[in-house]
Every structure is written in structure tokens, then in C-alpha cells.
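Colleague: Per the UniProt record's numbering, the sequence shown runs over residues 1 to 198. Quick one: the structure is below, questions incoming.
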Amino acid sequence: MYVKKMCGYVISVDMPYALTKGLLDSYSPPTQESRNYKNWITVLDLKTCLECRECHGQIYRMDEVPDTEPPLHPNCRCVIRPMDAVVAGYGTKDGQYGADYWMKYIASLPDYYMTEDELVALGWKWGKAPAKFAPGKMAAMGIYQNRNGHLPQIPGRIWYEADINYYSGRRNRHRLLWSNDGLLFVTYDHYETFLEII
1 MYVKKMCGYV ISVDMPYALT KGLLDSYSPP TQESRNYKNW ITVLDLKTCL ECRECHGQIY
61 RMDEVPDTEP PLHPNCRCVI RPMDAVVAGY GTKDGQYGAD YWMKYIASLP DYYMTEDELV
121 ALGWKWGKAP AKFAPGKMAA MGIYQNRNGH LPQIPGRIWY EADINYYSGR RNRHRLLWSN
181 DGLLFVTYDH YETFLEII
């Protein structure tokens, strides 16, 4: 039974709070225009075609010419524009103690991060709240596959991911992503769109 409408989402009264938390958890840091990257932005609604939806969030270097450019069809509502960037320390709610700041200036995650293997050793399973098994800790989930190819990819580049901005309950949709060659991005919508960390 669906009765409440909050923040554009119709929420079931039967749905536990922990499941809805990820939909309602938001963080909007101050941003500026990136000098390094541009991205494909699509208006996402019921009228959006599959091809446009798959391109949404794709990142390109400023000097890169995409294989295909909008408009893809007569009703296309896509654009490629400079992506937003956020200064390290503002990408998470933790400021100088946040993973974005540490990865940018120290090249490692803060001490309050645990690997997926360490969490599993404590009894954690997918779908469970990590905070129950490791209070005060966050999850560094290891290699990010970049299957949709939205992050910049070159031979030899490996992407890693870590959770950010949750302190209790289940994991949210916020992730920090970094590469073995120094690129750093953050997503607040579970890999749909990204912001560059500068």
C-alpha cells in the first residue's frame, strides 16, 4: 500500500525506514565547473529512450570528441556540458576527516574504513547494515568494475570504491571512486552521475 509522497518518491507505509533512507539521503556540496571533464546529461523520465538513458552520466575529457553526440534522435533532450567539480574536503560530510580529503592529500583512506573481507569476517553479509557488525566504521569495497564505462578508462587503469556519508544503518547511495593513477570522483546517486574531486 502506497500512501505517502516525499521528495518525489512514493513511499510504502509497509517499507521499513532503512530501505527508504537511501532514497531520501541527500548531500549537495558546493560545486564549480570542472576544467578537466565534461559529461553527458539526459532528462530522465518515462519518455527517455534506452540509448539516452545508457549515455546519462558518461564522462569525457574536455578535449575528447565522443563517438556519438546529442541529439541522438529528433526528440532527444541530452546535452554534453562541463561536469561539476567539488573541492576535496567538501565531497563528504566529514570535511578534512573525510575519505575524499584523505585520498586527495594523503593517498589512503582514513582509519575508520574496513575492507569488505574484514566486514565479512565479522559476520556482515550483503543487504545487512555494516554498522551492526562494525560500529563507527565504513566500508571500502575494493575494485569497482566500471561495467557501464562511464568513468574515464584507459588500459591499465583500475578503479576502487568506498562508501561515504553514512554513520548508522544500511549503506546509502554515496560512493567515492578513485583510480590507481590518481583520478578521484564522487557519486551521490549510486553511479548514475559523478562529480570530480579537485
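Where a beta carbon is used, it is the ideal one built from N, C-alpha and C, also for glycine.
1. Thinking just about the alpha-carbon of each residue, which of 31, 33, 77, 36 is nearest to the one in residue 53?
2. Do residue 170 and residue 128 come within 9 Å of each other at the CB atom, strictly closer than that value?
3. Could you give the distance in angstroms between the alpha-carbon of residue 116 and the alpha-carbon of residue 142?
4. So what's residue 82 in DSSP terms, helix, strand or just coil?
5. Can you tell me whether residue 144 is helix, strand or coil according to DSSP?
6. Taking the C-alpha atoms as reference points, what is the distance between residue 40 and residue 155?
7. Given residue 95, which residues of its chain have a CB within under 6 Å of its CB, disregarding the five upstream and five downstream residues?
8. With burial defined as no fewer than 16 other Cβ atoms inside 10 Å of the residue's Cβ, what is the status of residue 112: buried or exposed?
9. In three-state terms, what does DSSP make of residue 194?
10. Name the one or two DSSP bridge partners that residue 161 has.
11. Secondary structure at residue 120, three-state DSSP: helix, strand or coil?
12. Closest to residue 26 by C-alpha separation, out of 197, 198, 196, 187, would be which residue?
13. Can you list, in chain order, the residues of its chain with a C-beta nearer than 6 Å to that of residue 14? Leave out the 5 residues immediately preceding and following it.
Modeller: On the basis of the coordinates in this document:
1. As a working note, residue 53 is residue 53 in the sequence shown. Of the candidates 31, 33, 77, 36, 77 places its Cα closest to the Cα of residue 53.
2. On the sequence shown, position 128 is the one that residue 128 refers to. On the sequence shown, position 170 is the one that residue 170 refers to. Yes, they are a contact pair.
3. The residue you call residue 116 lines up with position 116 of the sequence shown. The residue you call residue 142 lines up with position 142 of the sequence shown. Each residue's alpha carbon lies about 7 Å from the other.
4. Along the sequence shown, one-based indexing puts residue 82 at 82. Strand, per DSSP.
5. In the sequence shown, the residue the question calls residue 144 occupies position 144. Looking at residue 144 - three-state DSSP - the assignment turns out to be strand.
6. As a first step, residue 40 must be located in the sequence shown, where it is residue number 40. As a first step, residue 155 must be located in the sequence shown, where it is residue number 155. Their backbone Cα atoms lie some 22 Å apart in a straight line.
7. Counting from one through the sequence shown, the residue named residue 95 turns up at place 95. Taken in chain order, the residues that qualify are 89.
8. The count along the sequence shown starts at 1 and reaches residue 112 at position 112. Exposed, since its Cβ has fewer than 16 Cβ neighbours within 10 Å.
9. Here the question's residue 194 lines up with position 194 in the sequence shown. Note: residue 194 maps to coil in three-state DSSP.
10. Along the sequence shown, one-based indexing puts residue 161 at 161. According to DSSP, which records beta bridges pairwise, residue 161 is partnered with 142, 177.
11. Indexing the sequence shown from 1 puts residue 120 at position 120. Three-state result, residue 120: helix.
12. In the sequence shown, residue 26 corresponds to position 26, counting from 1. The shortest C-alpha separation from residue 26 is found at 187.
13. As a first step, residue 14 is located in the sequence shown; it is residue number 14 there, counting from the start. Reliability fails at residue 14, whose pLDDT of 42 lies under 50, so the model's placement of it is uncertain and no value is given.
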